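Numbering (our numbering), first residue to last: 3 to 167.
Have a look at this one:
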């Protein structure tokens, strides 16, 4: 099941940025559509003012992933580490469920298949790991992409699709 197919030019419109500016940081990001049939998550992570993360999110979803075992992304990366976030609640302080994945420096190479097993998603709240908390895969309301972990500088991640398998 395709969760996001970025082959259409309007596919990135519903994604919006949430960066470290909410805590005084100076990072910036955006999600845009390429006429070549993929999305581009790009920007700059600034470590100034206690910052250090940039993210984009798509809300108001109603996804039932209870029958899925994993998510699959097709990406071209810049050698940095990213996270794919899931949320099962619209409450601002509810946990986010994250899976980290590395990219190789493949922006001009072949698409990389990234497989994210749902059982390995970790619950976090404000960057702190929560033990014993599992997502409600029947009711995923938000998808997000994040770069952080003190990876300062420019970043670019091309995304062809996000699928549930």
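C-beta atoms are modelled at their ideal positions from N, C-alpha and C, and glycine is treated no differently. These numbers were taken from a predicted model, which means no experiment stands behind them.
Out of 82, 37, 43, which one is the CA nearest neighbour of residue 146?
Selected option, being the one with the closest Cα: 43.
Residue environment, residue 21, which counts as buried when at least 16 other CB atoms sit within 10 Å:
Sixteen is the threshold: when 16 or more other Cβ atoms of the shown chains lie within 10 Å of the Cβ of residue 21, as they do, the residue is buried.
Which same chain residues end up closer than 8 Å to residue 11 when comparing Cβ atoms and leaving out the 5 residues on each side of it in sequence?
The residues 35, 37, in chain order, have a CB closer than 8 Å to that of residue 11 in the same chain once the five nearest residues on each side in sequence are set aside.
At which residues does the beta strand (DSSP E) containing residue 152 begin and terminate?
Per DSSP, residue 152 is not a residue of any beta strand (DSSP E), being assigned neither H nor E.
Assign residue 66 to one of two classes, buried (16 or more other C-beta atoms within 10 Å of its C-beta) or exposed (fewer than that).
So residue 66 counts as exposed.
Proximity winner among 17, 23, 165, relative to residue 33 (alpha-carbon distances):
The option with the nearest alpha carbon to residue 33 is 17.
Could you tell me which residues DSSP puts in a beta bridge with residue 84?
Per DSSP, 103.
Can you check whether the CB of residue 29 is closer than 8 Å to the CB of residue 48?
In contact: residue 48 and residue 29 (Cβ atoms closer than 8 Å).
Rounded to whole angstroms, what's the CA-CA distance from residue 116 to residue 77? Just pull it up for me.
Rounded to whole angstroms, the gap between the alpha carbons of residue 116 and residue 77 is 7 Å.
Go through its chain and collect everything with a Cβ distance to residue 2's Cβ below 6 Å, but skip five positions before and after it.
The first residue shown for the chain is 3 and the last is 167, placing residue 2 beyond what the model contains.
Applying the 10 Å Cβ sphere with the 16-neighbour rule, what's the burial state of residue 135?
That one is exposed.
Would residue 105 pass as a contact of residue 85 if the rule is Cβ separation under 8 Å?
In this structure, residue 85 does not lie closer than 8 Å to residue 105 by Cβ.
Proximal residues to residue 166 (C-beta, below 7 Å), its chain only, five neighbours per side dropped:
Counting only Cβ-Cβ distances below 7 Å, and skipping sequence neighbours, we find 3, 5, 67, 70, 73.
Taking 6 Å as the limit between beta carbons, can you name the residues of its chain near residue 57, skipping five residues before and five after?
Closer than 6 Å at Cβ, skipping near neighbours: 20, 146, 148.
Going by beta-carbon coordinates alone, are residue 54 and residue 26 separated by less than 8 Å?
No.
Taking DSSP as the reference, what is the three-state secondary structure of residue 136?
Correct three-state label for residue 136: coil.
Taking buried to mean at least 16 other C-beta atoms within 10 Å of its own C-beta, is residue 98 buried or exposed?
Answer is buried; the Cβ neighbour count reaches 16.
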